[in-house]
Amino acid sequence: MPQIFRRSANTLSKVSLFGVLSLVGGLILLAMVLGRSAYVTRANEYIEQPIQFSHLHHVTDDGIDCRYCHTSVETSPFAGIPPTKTCMNCHSQLFATEPILEPVRASFRDDKPLHWVRVHDLPDFVYFNHSIHVKKGMGCETCHGRVDQMPLMQQVNTLQMEWCLNCHRNPENYVRPRSEITTMGYRPPVPQSVIGPQLVKEYGINSLTSCSVCHR
Amino acid sequence: MNQRPDIEALRARLDGTRGREYWRSLEALSGTPEFKEFLHREFPQNASEWLDPVGRRGFLKLMSASLALAGVSACTRQPPEELVPYVRQPEEIVPGKPLFYATAMPMNGVGMGILVESHEGRPTKIEGNPDHPSSRGATDLSRRRPSLASTTRTARRR
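Sequences listed follow chains D and C, in order.
For the first sequence, the positions run 0 to 215 when numbering that gives the first Met the number 0 is used.
For the second sequence, the positions run 0 to 157 when numbering that gives the first Met the number 0 is used.
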């Protein structure tokens, strides 16, 4: 009786066995990597806005505090997008005839709001409150990155649950004094491992990780 | 199968038979084409729809495939969302927080004291005003919701 399988069939069987295993593993890995990638999270993506507003210019060059425009960040869940009136406080005098600011003037003149595109967009099934984070010593920079170096606003972090829990589990690694909330490029005066636990104690920060804290 | 069987025809059919003859119904005995068609459709083992397994299997395959792939439709990026701030923000409003107004609405000719929750100018909830001397926080349930709906409609009409 002739042999059914050639000698090469041994190799072929091994290759196909391990091939299938690595293919399945690779697909799972691909799904995990893709799910965290900037393509899905829209991180590091510049978004077209009605006006190419530069945080770099307004924060670094002009030294305007975050809360001059984002007024409700300390009192409300929503940090607040400034009304056109806030822009016109300065721009009725400064660069008052620049063509790039025409949409602002048109909005103010015609009483038509500006339509900005949201950069930091949490899913609708997540409850997020800015005021409590600010109150507990979470700096703007911790989540929003170096806004003072952004000519156009972009999302720096993934804003995924994994990333939220990173801090909710270990708040002492990220907390800063309340006086330094809006500071960009903050460096702790004493090592974070010393000041972190102190502030956690002082501000009464609870490590809230139960589902219903955010998914309410 | 409502038409009455032709008795004369049945008699004629049974005329030449001998011995025992059994039938379930007069319709079965008559053996008309309509009855045969009815029988053909009534019982699954004979039904014409079941004689074509390819179509049914193909249908089931398609259904299971679309069911399995339905979850994949969740794997999308979030659509872009707009932020539309005020042009001139009213003084009392804090974005993201509701305002409460103490007001009154007529009910049976009497003013009913109510508190209205308003989100950026949109009324969302009407409650009784506990400080109102006559109602002390009570509201008429049947009146409360229609009144909210009417305010919304007024707002939309503008």
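Glycine included, each C-beta is placed from N, C-alpha and C at the ideal position.
From a predicted model like this one, the values you see are computed outputs, not experimental measurements.
DSSP, read as helix, strand or coil, puts D:Y202 in helix. In the structure shown, C:A8 adopts helical secondary structure according to DSSP, grouped into three states. Proximity of the region 98 to 112 of chain D to the region 103 to 121 of chain C falls short of the contact definition, fewer than three beta-carbon pairs being nearer than 8 Å. C:Y85 belongs to the set of residues whose beta carbon lies under 8 Å from a beta carbon in chain D. Per DSSP, D:V133 is one residue of the alpha helix (DSSP H) stretching across 129 to 134. The Cβ of C:E90 sits no closer than 8 Å to any Cβ of chain D. Within the same chain, and ignoring the five residues on either side of D:R168 in sequence, the residues whose Cβ sits closer than 8 Å to its Cβ are S206, T208.
Between D:V125 and D:Q154, the gap from beta carbon to beta carbon reaches 8 Å or more. Closest option to D:L93, judged by alpha-carbon separation, among D:F127, D:S106, D:H57, D:S75: D:H57.
Straight-line measurement puts the Cα of D:L121 at about 12 Å from the Cα of D:A42. Taking a cut-off of 8 Å for Cβ pairs, the region 171 to 179 of chain D and the region 17 to 32 of chain C do not touch, as fewer than three such pairs fall below it. Under the DSSP assignment, D:P102 falls in the alpha helix (DSSP H) whose first and last residues are 101 to 109. At a cut-off of 8 Å, the C-beta of D:V125 has no neighbouring C-beta in chain C. Fewer than three beta-carbon pairs drawn from the region 23 to 35 of chain D and the region 141 to 152 of chain D are found closer than 8 Å, and the two stretches are therefore not classed as touching.
A straight line joining the alpha-carbon of C:A64 with that of D:I27 spans about 21 Å. Among the CB atoms of chain D, one or more fall inside 8 Å of the CB of C:G95.
About 6 Å separates the Cβ atoms of D:N156 and D:C142, confirming a contact at the 8 Å cut-off. For C:E36, the three-state secondary structure derived from DSSP is helix. Annotated as proximal: D:T40 and D:Q159, with beta-carbon spacing under 8 Å. When DSSP states are grouped into helix, strand and coil, C:M106 belongs to the strand group. Among the residues of chain D, those whose CB is under 9 Å from the CB of C:E81 are H114, W115, V116, R117, following chain order.
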